[in-house]
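One structure is given here, and the rest of the page talks about it.
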Amino acid sequence: MSVTHRPHQFDDPAIDTLLSIVLSLGNEVFALRDRTRIIEKMLEAKGTISRADIEAYKPTPEEEAEIRNDNDAFIARLFRVFEGNLE
Amino acid sequence: MQIEPNRTSQATFDYVEGLKRYIAEKFMPRLRAAYEIREQRYAQARNGEKPATMEQVGELMRPMTLYRYNRAIQQASQELMWRVIYESLEPRRPELAGELNRPTENAIGSVETDPDLEMPKYYTAVDFHLQPRSYHGDDLAGVVYDIGVPIYVLHRNGSDSGESGRALASVIPPGRYEKILDMGCGVGQKTIPMADAFPGAEVHAIDLSGPMIKYAHKRAERMGGKIHFSQQNVERTKFANESFDLVFSTILLHELPPGAIRNMIAEIYRVLKPGGLTAHLNLPPYNQVSPYNAFLMDWETHNNGEPYWHAFHELDLPAIFREAGFKNIREVTAESKNTGRGAYSGKSPYLVTMAEK
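The structure is reproduced here in structure tokens:
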């Protein structure tokens with residue numbers, strides 16, 4: 306019974322599939338936000354940057370905390386619908 | 015062999031961690047509050063009687079849209095995590111696979127694979143934790159697992175993934191343990207802290223997966239752990255009778271069906287010296303947690319590549335040790351230091367089952 310068929314959480318597995326797509330899209334947006342932040346920071350600091358600079362970028366611990374908070378806020382906005390009257 | 019993710023991969027790992035943190039810190043309390051409204055209605059209709067079993071909790075919970083979304087985000091975020099780890103390693107596959115197969119220079123430990131070892135059906139039937147191609151079906155399974163687990167548990171097990179190994183070591187009674195065996199060691203995340211706790215001991219560690227122990231060996235050598243890894247089945251090992259003072263496992267038993275657990279415990283009895291100790295760290299059985307938590311835990315069984323999880327958490331483990339001939343069987347709680355970045359849903363203390371030959 307190798308997990309060939311995906312477990313699904315909704316009666317209609319299409320909803321699970323749709324959620325996967327939404328989360329992947331969220332991931333792309335998230336990565337873009339991350340990249341934009343790095344580009345802005347580097348442009349401010351150096352005036353010029355390369356792709357390699359971005360991939361090798363290592364945030365400071367303070368910056369990591371800042372990124373974490375920003376991430377949490379982003380995800381909370383993405384799922385704001387769950388804070389309503391939904392059961 | 016150390017893997018530094020590039021910024022694009024790191025952004026995805028951060029995102030997956032954010033999703034998991036969201037589920038644990040924000041969504042779980044919200045789900046609980048919505049559940050309690052249903053629980054109240056249930057009790058009002060039954061003279062104040064609340065759901066007493068995980069099945070009853072399930073009847074209230076399963077129809078809830080919030081519950082479905084909560085679990086669907088958990089599942090999809092996990093699938094995303096494995097996919098992105100593999101994608102990020104794919105360009106380096108030949109180099110990484112080559113290094114895993116190359117002997118380590120000046121090794122202090124050792125590794126012995128067995129390409130002819132028969133893989134049990136219960137093992138090849140599952141993609142454990144939804145990891146694609148599971149532990150045995152990809153050369154990079156060990157590398158992928160070692161990157162995934164800290165993300166999976168939100169770093170609660172420390173930068174070396176060793177906290178649960180240290181939790182186990184902290185409850186082992188002092189004694190002379192000259193020869194130690196870790197059963198089902200995976201990539202050796204718990205083997206090294208246990209070896210550190212008993213300096214001077216000769217430490218062996220076995221696992222069914224070749225890719226896992228090859229990586230475990232490279233990882234241990236990098237971290238300075240002197241461990242002898244070999245690819246073996248815990249149900250019937252190649253070790254001689256009465257050769258170990260201590261045989262342990264960590265969070266392994268729920269990956270085995272009950273029959274394999276019985277065989278493993280009988281095998282431990284065989285390889286232990288008289289007076290030797292065996293110790294197994296696991297999550298507590300369902301009868302030691304609330305019906306609500308048991309219901310949530312049980313989700314793993316059908317949705318996270320954990321088909322033996324339910325049976326294990328309803329098993330009378332001390333009885334199996336008794337039947338195998340062990341004495342002084344006892345269960346103690348082991349608290350693992352949480353080094354995590356945020357709460358984690360599965361944070362109940364561990365239960366260690368110990369027995370002597």
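So the sequences go chain by chain: E and C. Count along the first sequence from 1, then add 305; that gives the number in the working numbering. Count along the second sequence from 1, then add 14; that gives the number in the working numbering. Ideal placement from N, C-alpha and C gives every residue a C-beta, glycine not left out.
Exercise. Are the C-beta atoms of Glu-367/E and some chain C residue less than 9 Å apart?
Worked result: Sequence index remark: in the first sequence, residue 367/E carries index 62 (1-based). At least 9 Å separates the CB of Glu-367/E from every CB of chain C.
For this session: Quick one: grab the DSSP three-state call for Val-157/C.
Result: Here residue 157/C is taken as the residue at index 143 of the second sequence, counted from 1. The three-state secondary structure of Val-157/C, taken from DSSP, is helix.
Problem set entry | Straight-line gap, Pro-364/E to Met-347/E (C-alpha atoms, nearest Å) | In the first sequence, the residue the question calls residue 364/E occupies position 59. In the first sequence, the residue the question calls residue 347/E occupies position 42. Distance between Pro-364/E and Met-347/E, taken at the CA atoms: about 11 Å.
Exercise. Thinking C-alpha only, which one of Ser-178/C, Glu-132/C, Gln-145/C, Val-201/C is nearest Glu-320/C?
Worked result: Counted from its first residue, the second sequence places residue 320/C at position 306. Taking only the C-alpha atoms, the option nearest Glu-320/C is Gln-145/C.
Exercise. Within the chosen definition, does the region 272–280 of chain C reach the region 303–310 of chain C through at least 3 CB pairs nearer than 8 Å?
Worked result: Fewer than three Cβ pairs drawn from the region 272–280 of chain C and the region 303–310 of chain C lie within less than 8 Å of each other, which leaves the two stretches out of contact.
Exercise. Who are the near neighbours of Arg-180/C in its chain, counting only those whose CB is closer than 6 Å to its CB and skipping five residues on each side?
Worked result: Here residue 180/C corresponds to residue number 166 of the second sequence, with the count starting at 1. Excluding sequence positions up to five before and after Arg-180/C, its CB lies within less than 6 Å of the CB of Pro-207, all in the same chain and listed in chain order.
For this session: Would you kindly work out how many angstroms separate the C-alpha atoms of Ala-338/C and Ala-369/C, rounded to a whole number?
Result: Start at 1 with the first residue of the second sequence, and residue 338/C comes out as number 324. Start at 1 with the first residue of the second sequence, and residue 369/C comes out as number 355. About 11 Å.
Exercise. DSSP state of Ser-325/E, grouped into three classes?
Worked result: On the first sequence, position 20 is the one that residue 325/E refers to. Here Ser-325/E sits in helix by DSSP.
Exercise. Does the beta carbon of Tyr-36/C come closer than 9 Å to any beta carbon on chain E?
Worked result: Indexing the second sequence from 1 puts residue 36/C at position 22. Answer yes: the Cβ-Cβ gap between Tyr-36/C and chain E drops below 9 Å somewhere.
Exercise. Leaving out five residues before and five after Ser-148/C in sequence, what residues of the same chain have Cβ atoms less than 6 Å from its Cβ?
Worked result: Position 134 of the second sequence holds residue 148/C. Around Ser-148/C: Asp-141, Phe-142.
Exercise. Ser-197/C lies in the beta strand (DSSP E); which residues open and close that run?
Worked result: As a first step, residue 197/C is located in the second sequence; it is residue number 183 there, counting from the start. Inspection of the sequence shows that residue 197/C is occupied by Met rather than by Ser. Per DSSP, the continuous beta strand (DSSP E) segment holding Met-197/C begins and ends at 193–197.
For this session: Using a Cβ cut-off of 9 Å (strictly closer), state whether Gly-360/C contacts chain E.
Result: By one-based count along the second sequence, residue 360/C stands at place 346. Bear in mind that the predicted position of Gly-360/C carries a pLDDT of just 48, short of 50, making it unreliable; the figure below should be weighed with that in mind. Contacts with chain E at 9 Å (Cβ-Cβ) do not include Gly-360/C.
For this session: Could you tell me if His-294/C is buried or exposed, where buried requires 16 or more neighbouring beta carbons within 10 angstroms of its beta carbon?
Result: Walking along the second sequence from the start, residue 294/C turns up at place 280. Counting Cβ neighbours within 10 Å, His-294/C comes out buried, since at least 16 surround it.
For this session: Determine, using beta carbons only, whether Ala-86/C comes closer than 9 Å to chain E.
Result: Numbered from its first residue, the second sequence carries residue 86/C at position 72. Yes - at least one Cβ of chain E is within 9 Å of the one on Ala-86/C.
Problem set entry | C-beta contact flag for Ser-91/C and Leu-330/E at 9 Å | Counted from its first residue, the second sequence places residue 91/C at position 77. Counted from its first residue, the first sequence places residue 330/E at position 25. At least 9 Å separates the beta-carbon of Ser-91/C from that of Leu-330/E.
Exercise. To the nearest whole angstrom, what separates the beta carbons of Ser-178/C and Thr-264/C, a pair I think is in contact under 8 Å?
Worked result: As a first step, residue 178/C must be located in the second sequence, where it is residue number 164. As a first step, residue 264/C must be located in the second sequence, where it is residue number 250. Sure, about 6 Å apart at Cβ, within 8 Å.
For this session: Taking only beta-carbon positions, decide if Asn-317/C is within less than 9 Å of chain E.
Result: As a working mapping, residue 317/C is identified with position 303 in the second sequence. Yes, Asn-317/C lies at the interface with chain E (some Cβ there is under 9 Å from its Cβ).
For this session: Compute the Euclidean distance between the alpha carbons of Gly-214/C and Thr-79/C, then round it to the nearest angstrom.
Result: As a first step, residue 214/C must be located in the second sequence, where it is residue number 200. As a first step, residue 79/C must be located in the second sequence, where it is residue number 65. Put simply, the backbone Cα of Gly-214/C is about 55 Å away from that of Thr-79/C.
For this session: Report yes or no: is there a C-beta of chain E within less than 9 Å of the C-beta of Phe-212/C?
Result: Numbered from its first residue, the second sequence carries residue 212/C at position 198. Chain E, which has no Cβ nearer than 9 Å to the Cβ of Phe-212/C, makes this no.
Exercise. Excluding sequence positions up to five away, which residues of its chain have a Cβ less than 7 Å from the Cβ of Thr-309/E?
Worked result: As a working mapping, residue 309/E is identified with position 4 in the first sequence. Note that Thr-309/E scores a pLDDT of 49, beneath 50, so its modelled location is shaky and nothing firm can be said.
For this session: Could you list the residues in the region 66–94 of chain C with a C-beta less than 9 Å from some C-beta on chain E, going in chain order?
Result: Answer in chain order: Pro-77, Met-78, Thr-79, Leu-80, Tyr-81, Arg-82, Tyr-83, Asn-84, Arg-85, Ala-86, Ile-87, Gln-88, Gln-89, Ala-90, Ser-91, Glu-93, Leu-94.
Problem set entry | Local conformation of Gln-245/C per DSSP, three classes | As a position in the second sequence, residue 245/C is number 231, starting the count at 1. Shown here, Gln-245/C sits in a strand according to DSSP, grouped into three states.
Exercise. In this structure, does DSSP put Ile-220/C in helix, strand or coil?
Worked result: As a working mapping, residue 220/C is identified with position 206 in the second sequence. Note: Ile-220/C maps to strand in three-state DSSP.
For this session: Give a yes or no on whether the minimum CB-CB distance between Thr-26/C and chain E is below 9 Å.
Result: Translated into the one-based positions of the second sequence, residue 26/C becomes position 12. True, the Cβ-Cβ gap to chain E drops below 9 Å.
For this session: Could you tell me which chain C residues have their CB closer than 8 Å to the CB of Ser-325/E, listed as they occur along the chain?
Result: As a working mapping, residue 325/E is identified with position 20 in the first sequence. Correct list: Ala-90, Glu-93, Leu-94.
For this session: Say whether chain C places a C-beta atom closer than 9 Å to the C-beta of Glu-388/E.
Result: Counting from one through the first sequence, the residue named residue 388/E turns up at place 83. With 9 Å as the cut-off, Glu-388/E counts as an interface residue toward chain C.
Exercise. In the DSSP assignment, what residue or residues form a beta bridge with Thr-347/C?
Worked result: If you number the second sequence from 1, residue 347/C lands on position 333. Under DSSP, Thr-347/C takes part in a beta bridge, and its partners are Leu-365/C.
Problem set entry | Contacts around Trp-9/C, its chain only, beta-carbon distance under 7 Å, and the 5 residues preceding and following it disregarded | The displayed coordinates of chain C run from 15 to 371. Any statement about residue 9/C would go beyond what the structure contains.
Exercise. Excluding the five sequence neighbours on either side, which residues of its own chain have a C-beta within less than 8 Å of the C-beta of Ala-325/C, listed in chain order?
Worked result: Numbered from 1 along the second sequence, position 311 holds the residue referred to as residue 325/C. Counting only Cβ-Cβ distances below 8 Å, and skipping sequence neighbours, we find Pro-271, Pro-272.
Exercise. With 16 other CB atoms within 10 Å as the buried threshold, where does Ser-350/C fall?
Worked result: As a working mapping, residue 350/C is identified with position 336 in the second sequence. So Ser-350/C ends up on the buried side.
For this session: For the region 41–54 of chain C, enumerate the residues whose C-beta is nearer than 7 Å to any C-beta of chain E, in chain order.
Result: Residues Phe-41, Arg-44, Ala-48.
Exercise. When you compare only the Cα positions, how much space is there between Leu-94/C and Ser-325/E?
Worked result: As a working mapping, residue 94/C is identified with position 80 in the second sequence. As a working mapping, residue 325/E is identified with position 20 in the first sequence. Going by the C-alpha atoms only, they are around 8 Å apart.
Exercise. Since Asn-296/C is in the beta strand (DSSP E), which residue starts that stretch and which ends it?
Worked result: Here the question's residue 296/C lines up with position 282 in the second sequence. Where Asn-296/C is concerned, the enclosing beta strand (DSSP E) stretches over 286–296.
Problem set entry | Host alpha helix (DSSP H) of Phe-27/C (start-end) | For this step, residue 27/C is matched to residue 13 along the second sequence. Per DSSP, Phe-27/C belongs to the alpha helix (DSSP H) from 21–35.
For this session: Measure the C-alpha to C-alpha separation of Val-217/C and Ile-51/C and round it to an integer number of angstroms.
Result: Locating residue 217/C in the second sequence gives position 203, counting from the first residue. Locating residue 51/C in the second sequence gives position 37, counting from the first residue. If I take the Cα positions, the gap works out to 53 Å.
Exercise. Ser-244/C: which of Ile-161/C, Lys-252/C, Pro-65/C sits nearest, CA to CA?
Worked result: Within the second sequence, the letter at position 230 stands for residue 244/C. By alpha-carbon distance to Ser-244/C, the top candidate from Ile-161/C, Lys-252/C, Pro-65/C is Lys-252/C.
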